[in-house]
Structures are given as structure tokens and as C-alpha cells.
Amino acid sequence: MTPSIWSAFRPVARGLAWALVGFAIGAGLTALARVATGSPPWSFELSFTVGYIFALPGWLLGVGLWERWGREWLGRPTEHGPTDWRRYLTFTIDHKVIGVQYLVTFLLLFLAAGALGLLIRIHLIEPVQPLLDDGTYNVVMSLHGIIMIAVAVATIVGGFGNYFVPILIGARDVAFPRVNALTFWLVPPVAVLLLGSLAVGGWDSGWTAYPPLSVRNASGQVLFNLAIITFGLSSILGGLNFLVTIHHLRAPGMTWGRLPIFVWAIYAASWIALLFTQFFAAAMVMVLLDRVAGTSFFDAAAGGAPLLYQHIFWFYSHPAVYIFVLPGFGITLEVLTHFSRKPLFAYRWAVGGFLGILGLSGIVWAHHMFVSGMPEQLLAPFLVSTELISIPTGLLFLSALGTIWMGRLWLRTPMLFALAVIFNFLIGGITGIFLADVPTDVSLHDTYFVVAHFHYTIIGGEIFALFAAIYYWFPKITGRMYDERLGKLHFWLMFLGFNATFLPMFWVGLNGMNRRIAVYPAELQQMNALISAMSLVLGASFLVFAYNLVRAMVSSKTPRAVANPWGARTLEWQVSSPPPLENFPVTPVVDGHPYDYGVPGAVHATVPALRQGVEGVP
Amino acid sequence: MKRHLIGVGVLWLILTAIGEALAQVDILPAPGSDKAADIAAAFRFLVVLAVPVFTFVVATLIYSVVRFRVAGSPAGDGPPIRGRGRVPRAWFGITAGLTLVIMIYPGLTELPKFMRPATDPDLVVEISAFQWAWKAHYPAGDAESDTELVLPVDRSVRFDVTSLDVIHAFWVPAFAMRVDAVPGLTTSVSLRPTTLGAYAADPAYRLQCSQLCGIAHSRMMMPVRVVPQAEFVAWLAQQRNLSGGGGASLPPGGEELSISAKDIRFSLDRLETRAGVPTRITFRNDDAGIPHNIAVYQPGAADQLVDGARSLLEEGPIVQSLVVPALPAGRYPFRCDAHPLDMVGVLDVK
Chain A
1 MTPSIWSAFR PVARGLAWAL VGFAIGAGLT ALARVATGSP PWSFELSFTV GYIFALPGWL
61 LGVGLWERWG REWLGRPTEH GPTDWRRYLT FTIDHKVIGV QYLVTFLLLF LAAGALGLLI
121 RIHLIEPVQP LLDDGTYNVV MSLHGIIMIA VAVATIVGGF GNYFVPILIG ARDVAFPRVN
181 ALTFWLVPPV AVLLLGSLAV GGWDSGWTAY PPLSVRNASG QVLFNLAIIT FGLSSILGGL
241 NFLVTIHHLR APGMTWGRLP IFVWAIYAAS WIALLFTQFF AAAMVMVLLD RVAGTSFFDA
301 AAGGAPLLYQ HIFWFYSHPA VYIFVLPGFG ITLEVLTHFS RKPLFAYRWA VGGFLGILGL
361 SGIVWAHHMF VSGMPEQLLA PFLVSTELIS IPTGLLFLSA LGTIWMGRLW LRTPMLFALA
421 VIFNFLIGGI TGIFLADVPT DVSLHDTYFV VAHFHYTIIG GEIFALFAAI YYWFPKITGR
481 MYDERLGKLH FWLMFLGFNA TFLPMFWVGL NGMNRRIAVY PAELQQMNAL ISAMSLVLGA
541 SFLVFAYNLV RAMVSSKTPR AVANPWGART LEWQVSSPPP LENFPVTPVV DGHPYDYGVP
601 GAVHATVPAL RQGVEGVP
Chain B
619 MKRHLIGVGV LWLILTAIGE ALAQVDILPA PGSDKAADIA AAFRFLVVLA VPVFTFVVAT
679 LIYSVVRFRV AGSPAGDGPP IRGRGRVPRA WFGITAGLTL VIMIYPGLTE LPKFMRPATD
739 PDLVVEISAF QWAWKAHYPA GDAESDTELV LPVDRSVRFD VTSLDVIHAF WVPAFAMRVD
799 AVPGLTTSVS LRPTTLGAYA ADPAYRLQCS QLCGIAHSRM MMPVRVVPQA EFVAWLAQQR
859 NLSGGGGASL PPGGEELSIS AKDIRFSLDR LETRAGVPTR ITFRNDDAGI PHNIAVYQPG
919 AADQLVDGAR SLLEEGPIVQ SLVVPALPAG RYPFRCDAHP LDMVGVLDVK
């Protein structure tokens, strides 16, 4: 009997129901306490906050945590969920399913936030009498910012990290599969809060949410703060899970020196997530308390310090940039070496680059605050530490360039995206120097120069790598091949559209356009109109992408992918496409380096029982 | 290998020559202060240094893609070069050296010039920022301005900046300097305007908020004008006469109106008076600590003030009065200049 479509949504519906019960309990308790102290029972921000604190565990338990995990606490057997397509909508512990859940969720959020980006660009075609009113513009800009930040944090790490790290190190799953499921199911409340904030006026303080503005603005701010705290919890648990997995579940012979470079990148990013995310959450809690409990952390008139927030906030939010970019660069190096048919150049130096960035990431935060009014003696140390980061970053470029040099470059879609990362991230990196040097930063800070710079690092360095990864691993995940010509069309539209959109932003920034503005000086209109037009090309590229992938998934004419269409040496390509339930029937044995292309007789790893009979394996 | 190295080297040299030629093109706006000139020099130095780095990577990319690509799928592997020898060490040394250079200049050597407040400037201007307007106080002349920031050319100025509510940022594009305006703190920017200039001719002469501060953030702007010293002295004297002028007397035969502000709202969104006679408006700001004013504009022209029909932005509680001259019939928009989106209304002249 085929299960009905609706049965698939039962866990989600139950999660929602339990969440409502939790919310009612929280808001009810608040009402009792308020009535007891002589206040009106309902105060939106306080009641909502307490309601949410109870609703979140309700949601998690209802959506499957209880069935798959909680019953065990009472000594009862846990239940297994469906094994067909419906498992993608359940609290499943399979790291590959969780990886796909992350990928689909965040690609949808990426497209939604991208649409908001286009709305911003359409708005900015007209300098003085634009499309949206000022308040709506600020809300749209803030929403675009934070969703894209979430996409940047979680798509590669949560999606491809979850799917491939266990396989790449020869493990059957992550160390804590149920914690892994928990990290994913914390995400839907984040999306609901961020989008739901629109119902109560949104929030207009940007993703940086500096107080005192974020203590005074519309109530949507409270939903933002709760969303970030929830998302931070997910991020911390995810980081912890990857670290334990990489430390303890490597297959025999998978020494640290033989770890695929993408795993190293996730390893470094996971330390950052584990060590720093709580600072963002703490800053959010403090703003929340200032709003609902009347504390005055950031109220100067009551003894608070507005600058305190910026220190705590950037203590996470600068390292966060490396949570975006390190996995991106890991994928880039991974793809470059396989598609150049050469060993990864200066592997140990590249690992040193990742770890060096990890080490420096925690001592550079205040370069975001050069003009914030912080004490002068802090400027020089942060200038020095920030510029030091270009040394380990340079090592990643060394590895990339050395790898393609004298290679056999196979210019398939993933390779084109990986090569583009080198170019885009180069521009992002070099323009970063201008912002790290205080004398130039005082002029460029908070202008479109910064907007262009961080889009070059995040889109250029991470999102291009994300698409490299999607095309690279699509055959492995789905067992189907995408269309190569459409893939290349997507690449060229995106590469040209991206550069034509963001390169001119440096110019408008240098010529007096500050960021986060709904109206701007009229003499900058021509260049802004050009930028807006080019952004539509960038937007159109994703239609090609979506069409290509959806068609490959649903069309019966799609060619099936063999186990190893790229002839790559790492472990995920030594199993079938898609990989079997527990990845390997027998624990693989690792005998050598993963990238020994051109080395006679070199073997990376063998999976004993799969050695024969799998298509594409020699 | 040697042939390829020569090839990529030649490509690098060509691209670098083109890049350095392009780097001579001036893309920065004309500097309007001593600091802006220093910044432009630092910017150019970094560009000149960045070009060979950029072209090195781009040359290697282009050369590799053109010369090392294979048609179809690769038949074999490339040479197993692992990069464990001198190349990474040399790369490390060169990148570390370049980093050291930019750390020293323009980083550390220029730093004190930019962020250290001048101790003995020719002029001090106290800037207060609030949602969503600016006010400049000139302690030396005991004068205030909230419509225009006027400065003498070739005199050193220190701006002492603070905020009355949320974080804003003081930024004049022509001067290329900025600092945040933080409630509870006084931050400062010191510079010397070096050329005459005015917003009317060059939009870079504007005091623009550059830190997101809420709804009307992008409209939080005050024109800047740099004038000869003598003109500045005259302007300052004029401003002294304007400030504190609370009690305008009602000319004979005029109309009398009153309006107040509370919780960032006017008490009325429509006022009515007769054409051809002057009108005295008494404006009471009941918002403690929040600056408001009332200003009447020409019909259909959002930035054209009716002569004299504007009071100074002042924190409540305070009562102001102003006289609107005799006007022809029409609908004249009025607003609070700090809250141009929330506090608006129409003066109906019949």
C-alpha cells in the first residue's frame, strides 16, 4: 500500500501541535505571574519570549525527538521511522538524509533571500522616490542579510559536511546521530521566527542588530533574537558533533596526514562554531533582557555600554566569516585536485593555512570597530592581527595555484566554479586589506565598498564553492547526472552576473554611497541602475540551476550516474551512487594519501567487500 | 616546465604593466581635507602594491586554463608534484614580507594621524546626532546650526561627536573621515578642510549618518559648506542671533496657531490660516530629551523652505514660536525635520 502524502507530514504536524501546547503553557505562566503582580496578563514581547522557550522543546519532542530518543529515557524502546521518501520529513538519524534536509532547506532559503536581494536592487534603481518606503526597505535589507548569513553558516557545513564527512573518513555515521537530527530540527523554528517577525513589524536594525536601536525598535526584533539564539544552539551542537566524529571515527589508516582537505576545513570551521557561537547568543540574550526584563546592559543613561555589544557580537561574527569561507575553500581545493589530476599542492601548508586562520580568527574581531569610538590603543593590535590573516589565507591560494599548475585540467562545471572561487576570493581578499588598514578604513567603513567586499568573500569564496560542491556531488547523492551544458550556462551567467553586479559597488562606495540606505545621492543613479540590471542576470542564473537540477531529478530520461563519474580517489567515490544505508558494508582500510594522482601504484583506501562489482570502480 | 614558467612570467609582466597603468587613473573623489589627501595616498599605495599580487594569481589562472586544459576527459594524471620543497617556503616568506610592509605603511605609521584627537585645534564643533538629524554647536561663537554645517577653510577643526539616542556615525564624504556617534560617549574627528566647497555644487559636502539608525537613516543628512574665514565669522555671528530666539512677536493683523508634539507625533496634521497675513505658530515639544522642530515648506517642493518658517531642532520639553510670513493661498507641507516620515502635516492657507 502506498502511504498517503499526508502521512508524511504527520511528524511536522505533531511538532506544531506540541509547540502550541508549549507556547500556551509558557504564555499562561507569564500571565499568572503578571496578574499576581498586578500587571495586565499579556505583554507581547515577554509573553512571546516565555511562550517560545516552552514551545521549542514542544516542537522538538513532537517532531520526533520523543519517539526516536526520549522514550529511551524511560526505558522504553524507540521507534523507527519510515524508510521511503517520507524520511526526509522526519527526525531521522541518518547523516545522509540530514545532509539532504539541510541542503534542500537552505537552498530554498537561499533563493528566497536572493529574491529579497533582487527586490533591494530593483528598489535602488530610483535614488529619490524608490519602490519601497524607508521602513520596509530596512526590514527587507535586514531579512536579506540574516537569512543569507544563516545560509552561509549552514548550507555547506550542515549539508555537505553532514553528508560527506563521515564517508570521507570511512565512518558509518557521525558520532552523535541523534544530536545531529536535533541540530537540523532546530532550524525550522529559526526560519519561522525570522519570516514571522514580518507579522509584528519586522526589525530594522540589520543582521548586526546594534543596540540601543535594537532595544527600541519594533517587536520583530524579539523574534530575531530568539531565532539567533536557537540557530546558535544548532550551530554549536553541529560543531561539537563534527569534532568528535573527526577525532574518533576515522577508519583504520586514516591518519591526520591523510585526511581529505574538505574534512580539515570542516574541522577548523567546527572549532570556530563550538568556541565562538555562544557569544552571539549571549549578545542576543542581553538585548532581549534589556527589552523584556528592563536590564540596562546597553543603555548608557542607566549605566550600560553600547560598545560592549559590538565587542561581544563581533567576537563571534568575525570568526563566523571563516565558518563560511573555510569549508568553501576546502571544497575548492578538493575539486581542483580531482579535476587537475594532480596531488593537492603543498597539502601540509594548506592544512597549516586552515589551522592558522582558526588560530587567528579569535583575535581580529575589533577591526569591525575601528571607527566605533573604542579606545585608541586597541587600533594597532587589531590592525596587526587582521593583516596577519592574509598569510595563512595566502597558503590556500598557494595550494590552489600549485595544484592546477601543469595539471590535466578537466573543465567540467564543478571545476569552473572552483576556478572562479580563486578569482573571486582574490578580489575579496585584496579589498579586505583596504578595510584592515585603519587609514583607508576610516574612509571606506560602512560604504558600498564594504558591501562589495563581503559579497566577494561570501558569494565569491563560499557560494561559488557551494555550487562547485552541488555539481560535484550531485551524481553521488542522487545517482543521476545533471546536464553539463545547462551547468556551464549557469556558471557563465552566475560568474559574469556576479562580477558585473558587485565590481561596480566598489566604485559607488568610493564615490560616497554609504550602505544600508533606502535613498541615495542622485548622481550615483546610473551606476546603481547598471548594478541592478546586472543583478537580474545573476538572479536568472539560479533559474537555470533550479531547472537543471529539478529536471535531472524528475525526468525519466536523465542518465544514471556511475559510482565514480569523475574518476576521483576519495572514499565517497568508492561506494555506489547513492551510497548504501550505512555507507560501507565493511570498514574501509586506508593505505595512502587521498590525492596521489600520477603516483604509480598509489592507493588511498579500499572497501573490501565493494572492491568488485560496483560500476565505475576499476 | 621552464617553457611554461617563462610563458606565465611574460603574461604576468604584461598584466602587471596594464594593471599599474590603470592604477594611475584617479577613481577617488577630489580630497576636501588634509586627511582625505593622506587617505588617497595610502589608498593609491595599496593599489600599486596589490596589482602585481592580483595579476600573479590571474596570470597563473589564465595560463593554466589555456595551456593545461584537456579536451574530453583526461586520459592520464598530471605530474605528481606535491609541493613540499622550497616553493611553499618562498611563498610564505614573500607573503609575510608583503604583509609586514602594509602593516608598517600605511598601517602603523599613519595610524596616530587619523585617530588621535587634536589637542589644540583652531575650532571645536560639538556635533549631536539624534533620530534623524544633526545639530552643530560652536562653543567659541556660542552659536548653533541644524540646517547647515559651515566651516572655515584651512583651519584645523575638531568635531566632538555624541548621540542623544541610538548609534549614528559622523561622515563627510569630502573629508573622507568618520566616527561613530555613541550615546554616553564623546568621540572625535580632527581634520583641516583644504578647499572651498558646498553641498549645492558637490554632494560629497554633506554630513551623512553612516551607521544604521532606524527608519529615516538614509535621510539623516546635513549640508556642509566650507567658506573663507571672514565669511565664516560673519555666518557664526548670524547664527548666534538665531539661536535662543524663542519669543517671536505677532505682527499686527496676523493669525495665531498652536501645535504640540508628543511621542514623535504632532498633535494636529492640519493647520489653517488666511492668505496674505503673517501667522505666528506656537510649538510645544512635550517629548523629553527628543529634539523636534516645525518647518513649513513650499507646496510641492520638499526641500524648499518658506522663508523664516522654521524653528530650531530642540530637545523637549520646550515651547518655541515662529512667524510664517504672509503667503498666497495653497497647501504648504510642514514637518519636524528630525522625523520627516512620522511628523508631517499641511498648513492650509486660504
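So the sequences go chain by chain: A and B. Note that the first sequence covers residues 1 to 618 in this note's numbering. Note that the second sequence covers residues 619 to 968 in this note's numbering. Every residue gets a Cβ at the ideal spot worked out from N, C-alpha and C, and that includes glycine. Please read these numbers as outputs of a predicted model, since none were measured by experiment.
Asked	Found
I645 (chain B) lies in the beta strand (DSSP E); which residues open and close that run?	Unbroken run through I645 (chain B): none, as it is neither H nor E.
Nearest chain A C-beta to G963 (chain B) closer than 8 angstroms, yes or no?	no
List, in order along the chain, the chain A residues whose C-beta lies closer than 9 angstroms to that of H910 (chain B)?	Within chain A, no residue comes near H910 (chain B); the closest Cβ sits about 17 angstroms away, beyond 9 angstroms.
If distances are taken between C-alpha atoms only, which option among A:H593, A:T587, A:G81, A:G196 comes closest to V140 (chain A)?	A:G196
Tell me the DSSP secondary structure of N903 (chain B) in three-state form.	strand
From the beta carbon of W573 (chain A), is the nearest beta carbon of chain B less than 8 angstroms away?	no
Can you check whether the C-beta of L729 (chain B) is within less than 8 angstroms of a C-beta belonging to chain A?	yes
Measuring CA to CA, which of A:L213, A:R291, A:G62, A:Y137 is closest to S836 (chain B)?	A:Y137
Assuming L111 (chain A) is part of the alpha helix (DSSP H), what are its boundary residues?	95-123
Report the rounded CA-to-CA distance for F506 (chain A) versus A452 (chain A), giving the unit in angstroms.	6 angstroms
Let me check one thing: in DSSP terms, what residues is F884 (chain B) bridge-paired to?	B:A879
Please go through the same chain and pick out, in chain order, the residues whose beta-carbon is closer than 6 angstroms to the beta-carbon of P11 (chain A), but skip the five residues on each side of it.	V63, G64, T90
Check whether the stretch 445-460 of chain A touches the stretch 509-523 of chain A, taking contact to mean three or more Cβ pairs, one atom from each stretch, closer than 8 angstroms.	yes
Just to confirm, is the Cβ distance from A879 (chain B) to D904 (chain B) under 8 angstroms?	yes
Please list the partners that Y471 (chain A) has in chain B, where partner means a Cβ-to-Cβ separation under 7 angstroms.	Going along chain B, no residue has its Cβ under 7 angstroms from Y471 (chain A), so there is no contact; the nearest lies around 15 angstroms.
Look up P504 (chain A) in the DSSP assignment and say whether it is helix, strand or coil.	helix
Check whether the Cβ atoms of L825 (chain B) and A761 (chain B) lie closer than 8 angstroms to each other.	no
Enumerate in chain order the residues of its own chain whose CB-to-CB distance from R14 (chain A) is below 8 angstroms, with the five nearest sequence positions on each side excluded.	G62, V63
Just the chain E side, please: which residues come within less than 8 angstroms of W752 (chain B) by C-beta, in chain order?	The structure shown contains no chain E; the protein chains it does contain are A and B.
Counting only beta-carbon separations shorter than 8 angstroms, does T440 (chain A) have a partner in chain B?	yes
DSSP three-state call for E766 (chain B): helix, strand or coil?	coil
Give a yes or no on whether 8 angstroms exceeds the smallest Cβ distance from R837 (chain B) to chain A.	yes
Under a three-way DSSP split, which group does Q829 (chain B) fall into?	coil
Output, in chain order, the set of chain A residues within a Cβ distance shorter than 8 angstroms of C954 (chain B).	By Cβ distance, chain A contributes nothing, its closest Cβ being about 15 angstroms from C954 (chain B), past 8 angstroms.
If you count every other CB in all the chains shown that lies within 10 Å of the CB of T37 (chain A), and 16 or more means buried, which is it?	exposed
In this structure, how does DSSP classify M733 (chain B) when only helix, strand and coil are distinguished?	helix
Check the Cβ of P724 (chain B) against every Cβ in chain A and list those closer than 9 angstroms, keeping chain order.	D437, V438, P439, T440
State yes or no: is the C-beta of V222 (chain A) within less than 8 angstroms of the C-beta of E45 (chain A)?	yes
Is it a yes or a no for the stretch 151-169 of chain A touching the stretch 257-264 of chain A, going by three-plus beta-carbon pairs under 8 angstroms?	yes
Can you give me the Cβ contacts of M838 (chain B) inside the same chain, cut-off strictly under 6 angstroms, excluding the 5 residues immediately before and after it?	W750, C827
Throw me the rounded Cβ distance for the A465 (chain A) and F329 (chain A) pair, which I believe falls under 8 angstroms.	7 angstroms
Counting only the same chain and skipping the five closest in sequence on each side, list residues whose C-beta sits under 7 angstroms from that of I680 (chain B).	L629
Bridge partners of W447 (chain A), per DSSP?	Strictly speaking, residue 447 (chain A) in this sequence is Thr, with Trp absent from that position. Its beta-bridge partners are A:N514.
Once you ignore the five residues that flank G627 (chain B) on each side, which residues in its own chain have a CB closer than 6 angstroms to its CB?	none
Compare the beta carbon distance of I899 (chain B) and C954 (chain B) with 8 angstroms and say whether it is the shorter of the two.	no
Determine the closest residue to G934 (chain B) out of B:A956, B:T897, B:P770, with distance taken between C-alpha atoms.	B:A956
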